[in-house]
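Using UniProt numbering, you'd call the opening residue of the sequence shown number 1 and step up by one each time. Everything on this sheet refers to the single structure shown next.
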Amino acid sequence: MSAAAAQPLRSNLFMDNYFDDPLIEPAIEWVVINQKVSISGIQRNFRIGYNRAGQLVELMENIGLVSPQGFDGNRTVLCAELEIGLSLFRQYKDAVDEEPDMTNVILFPGKK
1 MSAAAAQPLR SNLFMDNYFD DPLIEPAIEW VVINQKVSIS GIQRNFRIGY NRAGQLVELM
61 ENIGLVSPQG FDGNRTVLCA ELEIGLSLFR QYKDAVDEEP DMTNVILFPG KK
């Protein structure tokens, strides 16, 4: 998967901060090794609040590591190998960190 194919989502401003969260890689490891994901499971295992655990799960969903919630509220782990999961995270993070290429952008002057 190339960085261009990652198509990072910047809809949530918290994402930039959560790439630097010291728990994101351990949380990815926990999810891939256990092959189950839940906000409450991450919350209990890492002794963090519900909101932080939810944001970690949402980030994992955005990078393609876990599925969106199903009709029953459950998610599926989409990655079976730890190295692939961590690689997905790093590629996604690198794609978000890249500055957009502005060489072919034509800027129109504003109205005076």
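Using N, Cα and C, we set each Cβ at its ideal position, and we do this for glycine too.
| Query | Result |
| --- | --- |
| Within 10 angstroms of its Cβ, does Pro-109 collect 16 or more other Cβ (buried), or is it exposed? | exposed |
| Which stretch, first to last residue, makes up the alpha helix (DSSP H) that contains residue 144? | One cannot answer for residue 144 here, as it falls past the ends of the chain, which runs 1 to 112. |
| Please classify Pro-59 as buried or exposed, where buried requires at least 16 other C-beta atoms within 10 Å of its C-beta. | Sequence inspection shows Leu at residue 59; the Pro mentioned does not correspond to that position. Buried, since its Cβ has 16 or more Cβ neighbours within 10 Å. |
| To the nearest angstrom, report how far apart Val-96 and Arg-90 are at their CA atoms. | 10 Å |
| Assuming Arg-47 is part of the alpha helix (DSSP H), what are its boundary residues? | No alpha helix (DSSP H) contains Arg-47, which DSSP labels as neither H nor E. |
| Helix or strand or just coil, what does DSSP make of Val-37? | coil |
| Is the distance from the Cβ of Phe-46 to the Cβ of Lys-93 below 7 Å? | no |
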